[in-house]
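Student: Here it is: the structure, laid out below.
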């Protein structure tokens, strides 16, 4: 792939760096403050998307976020906010943080490695084996660091990678935190028995 395509993808994925702000707010200001801020942020995004989709208004800071094929649909940043809101509202602190970091770093790894090194297509998808493997590796490392529990980190990373690779009907910014977080909470529940 050419350098401009890689740079555009990096810029497009840069909105996910908001996850670092989300984690810091969660750690230092608490769950309720973060939930309130995320609801406000989501409402603002929905308003912006309304004007973008119904009135054709281009918002300079948001316009670069869209791939050409995505311009007629709700942006991934809305699903990112919604996925973060669900993860924080439903899951334990560590599982929520891990799920949100997966969206940022695992998805970025899959995208960049898939664009630059991806040669082997995963059957039935537009994804590369190399991109999926990089996502799994990054997600596993994040899970181990945050959760300090190898089996749960491994399961979360596996579910996130399979979700990213095979579940194409739902935006991965929503599906990854929901499914990866759910798998972790269920495994933690089983391990506690």
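Residue numbers (the working numbering): 154 to 346. A virtual CB, placed ideally from N, CA and C, is assigned to each residue, including glycine.
1) Under three-state DSSP, which class holds residue 245?
2) Give the C-beta separation of residue 292 and residue 332 to the nearest angstrom, bearing in mind that I take them to be a contact with Cβ-Cβ under 8 Å.
3) Taking 8 Å as the threshold, find out whether the stretch 262 to 282 comes into contact with the stretch 297 to 313 through three or more Cβ pairs.
4) Whose C-alpha, out of 258, 343, 295, 304, is nearest the C-alpha of residue 284?
5) How is residue 285 classed by DSSP in three states: helix, strand or coil?
6) Taking only heavy atoms of the ligand ATP into account, decide whether any of them is closer than 8 Å to the Cβ of residue 281.
7) Is it buried or exposed, residue 314, if we count other Cβ atoms within 10 angstroms and call 16 or more buried?
8) The alpha helix (DSSP H) with residue 257 in it runs from where to where?
9) Drop a sphere of 10 angstroms on the beta-carbon of residue 248, count the other beta-carbons inside from all chains shown, and report buried for 16 or more, exposed for fewer.
10) Does the distance from the C-beta atom of residue 243 to that of residue 334 stay below 9 Å?
11) Quick one: Cα of residue 296 to Cα of residue 228, how far?
12) Residue 308 lies in the alpha helix (DSSP H); which residues open and close that run?
13) Please report the distance separating the alpha-carbon of residue 173 from that of residue 305.
14) Looking at residue 250: is its Cβ nearer than 9 Å to the Cβ of residue 236?
15) Mind checking which residues open and close the alpha helix (DSSP H) that includes residue 210?
16) Measure the C-alpha to C-alpha separation of residue 328 and residue 316 and round it to an integer number of angstroms.
Tutor: Reading off the structure:
1) coil
2) In fact, because the Cβ distance is near 12 Å, the residues do not count as touching under 8 Å.
3) no
4) 258
5) helix
6) As presented, the structure is devoid of all ligands, the ligand ATP included, so that no description of it is given.
7) buried
8) Element bounds for residue 257: n/a, residue is neither H nor E.
9) buried
10) yes
11) 27 Å
12) 303 to 319
13) 22 Å
14) no
15) Looking at the DSSP string, residue 210 is not in any alpha helix (DSSP H), and its letter there is neither H nor E.
16) 7 Å
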